[in-house]
Ligand code: DAH
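Residue numbers (our numbering): 30 to 391.
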């Protein structure tokens, strides 16, 4: 009996001395756990005579109940103390202004697109649209890409699986348009010249590096009228770029190029500096290609039902994301599509600052 009394006072003293919940739990395990001191005593009951068990059993159970109650009591006390400590330390000053919560912003690509539309609208261009999912005819054939010509592969096209016709033969496979030039075709087939449109939209190619992403954006331009020549094209692009970059310090170069749908064809690069993880225009030794352009090929006019002896035209296709990179100093195109909220917070635009010719672009 004295042993039980000693054990009880020992356990109760340890419970009272437990400074935190972890220490209290260690005391509980040592006394009431599987191999604990009190549990050990309970196990001896089975081997006792019924007489012994009567007295000893009651005493051991009383000891267990006393220990259990003391532990629960101490636990409640420790938890209350812990809560009080947290309440005391984690104060909330309701007189402080509410914390800034990030709201949505306009993505630099959309801002750039809006700026481009605003400038071309002021120059007398209407906005035309076409579908992102298109067919071989609008993306290639009508644009004078010969059948099976490697140029079709050059575009790294995303093709859909071909559907099967009722007779089991393969139907035409659709594709994600590789350029907005598809809208040239749709416009010429549905409108009579004179035509002066831009077509902003998403384009897709299987390509991924610092200046290429699988989804990107283009603004296509098309002008069809009588007596149109390269001079009109050059003036239009230079006027646009000066307005877009809001400076005359933009240096550009025309490079001869080949596109099946234009003749002659050219690409235009903007001079820039790409050192030090930044991109700056008007300086440096790098050139970033921003657009393709040329005089609309007579075959394209014919494919769209326009007589090339009566009408001529020029066309261009600009990379919207790249123009945005150049204007707003973003060195890697992939960041534009990574959905990093810190990047968006830094480069995003206010939805209330819609660009227009009267109040400014950006
Ligand atoms: N479609 C071309 C491309 O995606 C760009 C282009 C070049 C568009 C010349 C045009 C053009 O309208 O005339 O790379």
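Every residue gets a Cβ at the ideal spot worked out from N, C-alpha and C, and that includes glycine.
Residue nearest to residue i in terms of C-alpha spacing, selected from the options
{"i": "residue 240", "options": "206, 36, 362", "result": "362"}
{"i": "residue 89", "options": "36, 57, 136, 303", "result": "36"}
{"i": "residue 340", "options": "115, 123, 222", "result": "222"}
{"i": "residue 384", "options": "139, 156, 254", "result": "139"}
{"i": "residue 256", "options": "321, 338, 190, 244", "result": "338"}
{"i": "residue 155", "options": "119, 265, 251, 270", "result": "251"}
{"i": "residue 157", "options": "190, 184, 224, 306", "result": "224"}
{"i": "residue 243", "options": "63, 205, 113", "result": "205"}
{"i": "residue 343", "options": "290, 374, 367, 319", "result": "290"}
{"i": "residue 367", "options": "238, 284, 287", "result": "238"}
{"i": "residue 364", "options": "84, 245, 78, 64", "result": "245"}
{"i": "residue 374", "options": "74, 44, 120, 135", "result": "135"}
{"i": "residue 99", "options": "165, 54, 276, 305", "result": "54"}
Own chain, CB closer than 8 angstroms to residue i, minus 5 neighbours either side, in chain order
{"i": "residue 273", "result": "144, 145, 148, 352, 356, 390"}
{"i": "residue 50", "result": "104, 107, 108, 111"}
{"i": "residue 315", "result": "300, 301, 302, 303"}
Sequence-distant residues of the same chain with beta carbon closer than 7 angstroms to residue i, five excluded per side
{"i": "residue 292", "result": "323, 324, 326"}
{"i": "residue 247", "result": "208, 209, 230, 232, 346, 347, 348, 349"}
{"i": "residue 92", "result": "33, 36, 37, 67"}
{"i": "residue 171", "result": "214, 329, 332, 333"}
{"i": "residue 60", "result": "40, 66, 67, 96"}
{"i": "residue 71", "result": "89, 93"}
Contacts around residue i, its chain only, beta-carbon distance under 6 angstroms, and the 5 residues preceding and following it disregarded
{"i": "residue 137", "result": "353, 357, 376"}
{"i": "residue 141", "result": "349, 352, 353"}
{"i": "residue 270", "result": "279"}
Would you mind listing the alpha helix (DSSP H) stretches within the stretch 42-113 that are 4+ residues and don't spill past its ends, in chain order? 50-61, 66-73, all fully within the stretch 42-113.
Extract the residue ranges of the beta strand (DSSP E) inside the stretch 226-277, only unbroken runs of 3 or more that lie entirely within it. Segments of the beta strand (DSSP E) lying fully in the stretch 226-277: 244-254.
Does the stretch 207-224 come close enough to the stretch 323-334 that 3 or more CB-CB pairs lie under 8 angstroms? yes
Are at least three pairs of beta-carbons, each pair with one atom in the stretch 378-385 and one in the stretch 297-317, less than 8 angstroms apart? no
Hey, is the stretch 310-321 in contact with the stretch 275-288, meaning 3+ C-beta pairs nearer than 8 angstroms? Using a C-beta cut-off of 8 angstroms, the stretch 310-321 makes contact with the stretch 275-288, since at least three inter-stretch Cβ pairs fall below that distance.
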